Amino acid sequence: MKAGIVKYLPPSARHETETVLRAHPGVREAAVVLWESEKPGEEKLVGYVVPDEDYIHRVLGGGDEERKRMQKWRKTFDLSQFGKQAQHPEPGFNIAGWNSSYTRQPIPAEHMREWVDLTVQELMNFRARAILEIGCGTGLLLLRLARGCEQYVGVDFSGAGLKRIKEQMQEMGGLWNGVSLLERSADNFDGFAEDSFDTVILNSVVKYFPSAAYLIGVLEAALRVVRPGGRIFIGDVRNLALLEPCAVSIELYQAQASMGVDEFRERVHRRVRFEEQLVIAPAFFLALQKRFPRITRVEVHPKRGRFDNEMTRFRYNAILHLQPDRDGDVELSFLDWAEQRFGLDSIAGVLRNKKPESLAIKKVANARMERDVEALAKLAEAESSRTVGEFRESLEKGEQRGIDPEKMWALGEELGYRVDISWTASRPDGSYDVVFRTPADKGELLRPGIVWPQTNSDLKEMAQYTNIPGRGVLREKLIEQLREYSQQSLPKNLAPTLFFLIDALPLTADGQVDVHEFPVPPMQEDGA
Amino acid sequence: MDDMAEIREFLRKLLALRGDRQPFSDTSSFFLSGRLGSVDAVELVVLLEERFGIDFAEVGFDQSNIDSIEAIRSLLQSVRAAE
């Protein structure tokens with residue numbers, strides 16, 4: 023792609039165009055530059071706009087847009103239940119619609135089975151009697167847990183999913199006393215009394231929420247219906263701290279070896295920018311605790327599982343406990359994993375030989391996504407002339423140093439230690455903190471909490487702990503608006519054919535707009 | 007505008023909203039290639055339901071049936087033949 027050459031517009035024309043652009047409610051600052059390609063006569067008028075973020079989010083992405091997004095997700099679920107895969111599933115195991123981001127094919131059944139089994143196991147430890155499950159989907163949890171409860175209310179906004187649950191209940195036979203299914207959205211708590219459930223489950227569903235504000239609203243309402251001593255389980259949450267490594271990982275899997283590194287970088291960037299789901303930093307839940315004192319303890323741990331997939335790599339479970347009368351959390355002194363040069367063998371050695379009551383280690387490198395984190399770091403420095411194939415090769419030389427968290431859990435089981443693993447520190451390298459404690463068999467509800475290492479969770483706005491789903495689309499909508507608006511409001515030769523949204527106008531040392539710092543437009547493309 | 011031209015224009019706009027202004031042919035893959043996402047698939051489904059009367063609850067849904075202009079054309083033909 024040939025770079026264009028800046029050609030100045032006459033000052034009066036430039037002034038007219040920029041004044042008109044600035045009058046648009048979505049524009050805070052604007053500059054226009056005429057670019058000329060090396061081919062004579064080929065020119066392109068480009069508008070550089072610093073958008074009004076408030077306009078983008080409140081006007082373009084406000085309440086209506088949020089409702090529409092929810093409706094689209096509902097429809098996505100309905101559609102997943104109209105396919106062949108959903109027609110005659112193994113009863114209790116309808117995994118239609120669970121597709122891999124890597125292959126875009128269904129996630130292998132054995133991976134899903136592990137995912138369901140481990141989630142069910144974790145929930146069974148709570149010995150819940152009255153469960154509200156928001157987003158019960160196709161019943162993967164409900165059909166396994168409901169019979170152990172006195173009451174199980176399953177809520178979902180997809181009628182097609184609820185219909186599939188009813189079919190499976192019939193096929194599985196027996197009585198389903200105490201189970202009720204409600205077709206409604208997650209924020210509808212009508213008819214649920216205060217303190218009426220001991221457990222609220224939101225498993226693999228908050229990622230379909232349209233915004234942080236919506237999530238906070240649902241959790242606030244959920245906190246009211248949970249009785250003291252209970253908990254809210256938010257499962258399979260996508261980790262914002264790992265959104266970029268996740269994007270690199272998926273794009274690296276999909277890209278052709280012949281693709282250039284620049285195009286690859288652009289793809290990664292686009293995947294992050296156009297992310298449609300709500301992705302949340304673990305620190306969000308710590309900040310939530312500060313806002314809602316009813317929450318007495320927050321646990322965030324990476325997903326359990328031996329299979330390598332996007333759930334075990336990039337997702338976590340968060341548990342908000344409401345236990346008013348329990349003992350205080352235990353303060354432990356954490357050893358630094360890298361400083362101590364710990365490996366799985368040396369940890370096992372310490373536990374075996376010294377038999378400490380507890381061993382706490384922080385910042386353990388995580389083997390699950392270590393490669394992806396490394397790829398992200400190397401991508402920033404990779405030379406443009408290289409191909410994805412060459413880039414992949416350069417990664418394979420790296421040595422693995424991290425430990426898969428599942429190996430820590432297994433080690434604890436082997437040596438009679440209870441293992442707690444935490445992601446509350448929200449580190450962008452996926453590293454985790456681990457505590458081995460004895461006795462291993464102390465009941466789930468009795469064991470004291472741990473004061474985990476934390477990063478600063480004092481951001482002013484809760485919204486800063488999540489991405490903004492559909493943000494890329496909203497920005498493109500502004501660009502479409504600006505295109506139409508300038509065609510209507512400006513003479514044809516002064517209406518920009520291409521727009522860039524930028525964070526700030528680049529300035530020279532003496533405070534003038536520095537046109538040479540603007541992103542260069544592609545000249546071959548027709549800009550239409 | 008004929009039906010397929012309308013669908014092409016609709017897809018062009020969906021791609022533009024993802025910042026994708028590259029051309030596409032009748033056999034270009036939209037969803038399985040990742041150019042469009044599942045929320046976009048729903049937009050297309052709603053168009054096909056509302057504008058062309060396809061009931062996916064009845065005919066079943068498979069993303070490969072709407073993955074390209076060619077695929078959509080044969081979907082429309084098979085649904086119309088069944089009517």
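As given, the protein sequences belong to chains A and B, one line each in that order. Start counting at 1 in the first sequence, then tack on 22, and there's your number in this note's numbering. Start counting at 1 in the second sequence, then tack on 6, and there's your number in this note's numbering. Idealized CB from N, CA, C, for every residue including glycine. For clarity, every value in this text was computed on a predicted model and none was experimentally measured.
Mind pulling the chain B residues with CB within less than 8 Å of Thr98/A?
Under the 8 Å cutoff, chain B gives Ser44, Val45, Ala47 and Val48.
Only counting the same chain, and skipping five residues up and downstream in sequence, which positions put a Cβ closer than 7 Å to that of Trp95/A?
A distance below 7 Å between beta-carbons, with the five flanking residues on each side excluded, links Trp95/A to the following residues of its chain, in chain order: Tyr230.
Between Lys188/A and chain B, is any beta-carbon pair separated by less than 8 Å?
Chain B, which has no Cβ nearer than 8 Å to the Cβ of Lys188/A, makes this no.
Over what stretch of residues does the beta strand (DSSP E) that includes Gly257/A continue unbroken?
Per DSSP, Gly257/A belongs to the beta strand (DSSP E) from Val248 to Arg260.
Would Glu51/A and Leu516/A be called neighbours here (beta carbons separated by less than 8 Å)?
In this structure, Glu51/A lies away from Leu516/A, with their beta-carbon atoms at least 8 Å apart.
Can you name the start and end residues of the beta strand (DSSP E) that Trp431/A belongs to?
For Trp431/A, there is no enclosing beta strand (DSSP E); the residue is found in the alpha helix (DSSP H) stretching over Pro427 to Leu437.
Range covered by the alpha helix (DSSP H) that runs through Arg91/A:
Counting along the chain, the alpha helix (DSSP H) containing Arg91/A begins and ends at Gly85 to Ser102.
Which residues in chain B sit within 8 Å of Lys106/A, going by Cβ to Cβ distance?
Per Cβ cutoff of 8 Å: Gly66 and Asp68.
According to DSSP, simplified to helix, strand and coil, what is Pro73/A?
Looking at Pro73/A - three-state DSSP - the assignment turns out to be strand.
Whose Cβ in chain B lies nearer than 7 Å to the Cβ of Arg493/A?
Per Cβ cutoff of 7 Å: no residues; Arg493/A is ~12 Å from chain B at best.
With contact counted as at least three CB pairs below 8 Å, one residue from each stretch, are the region 497 to 504 of chain A and the region 71 to 79 of chain A in contact?
In this structure the region 497 to 504 of chain A lies against the region 71 to 79 of chain A, because at least three pairs of beta carbons, one per stretch, are closer than 8 Å.
Reducing DSSP to helix, strand and coil, say where Asp217/A ends up.
Coil, per DSSP.
If you reduce the DSSP assignment to three classes, tell me which class Gly609/A lands in.
Residue 609/A is absent from the structure shown; chain A starts at 23 and stops at 550.
Answer yes or no: do Leu512/A and Val42/A have a C-beta to C-beta separation smaller than 8 Å?
Their beta carbons are under 8 Å apart, which means Leu512/A touches Val42/A by this criterion.
Three-state secondary structure assigned by DSSP to Thr460/A
Three-state result, Thr460/A: coil.
Give me whichever residues DSSP pairs with His343/A in a beta bridge.
For His343/A, DSSP records a beta bridge to Arg253/A and Arg319/A.
Report the CB separation of Thr39/A from Val55/A in whole angstroms; it is logged as a contact under 8 Å.
That belief does not hold up - the Cβ atoms of Thr39/A and Val55/A are roughly 10 Å apart, past 8 Å.
Can you look up Thr41/A in the DSSP assignment and give me helix, strand or coil?
If DSSP states are grouped into helix, strand and coil, Thr41/A belongs with the helices.
Beta-carbon gap between Val175/A and Glu216/A smaller than 8 Å:
Cβ distance not < 8 Å, so Val175/A and Glu216/A don't count as in contact.
List the residues of chain B whose Cβ lies closer than 9 Å to the Cβ of Lys499/A, in chain order.
Ordered by position in chain B, the residues that pass the 9 Å Cβ test against Lys499/A are Leu23.
Neighbour-count burial assignment, Thr488/A, 16 or more Cβ in a 10 Å radius:
With 16 or more other Cβ atoms within 10 Å, it is buried.
Which of helix, strand or coil DSSP assigns to Asn121/A
It is a strand residue.
Just tell me which of Ile272/A, Thr141/A and Gly239/A has its CA closest to the CA of Thr125/A.
That would be Ile272/A, whose Cα lies nearest to the Cα of Thr125/A.
Below 8 Å, can you find three or more Cβ-Cβ pairs linking the region 368 to 382 of chain A to the region 446 to 463 of chain A?
The region 446 to 463 of chain A and the region 368 to 382 of chain A touch, with three or more beta-carbon pairs separated by less than 8 Å.
Mind checking Val456/A: buried by the 16 CB within 10 Å criterion, or exposed?
Val456/A should be labelled buried.
Establish whether the CB of Phe540/A and some CB of chain B are separated by less than 8 Å.
With 8 Å as the cut-off, Phe540/A does not count as an interface residue toward chain B.
To the nearest angstrom, how far is it from the Cα of Tyr454/A to the Cα of Asn71/B?
Approximately 43 Å between the Cα atoms of the pair.
What do you get for Thr33/B, buried or exposed, if any count of 16 or more other CB atoms within 10 angstroms of its CB means buried?
Taking all protein chains shown into account, Thr33/B has fewer than 16 neighbouring C-beta atoms within 10 Å of its C-beta and is therefore exposed.
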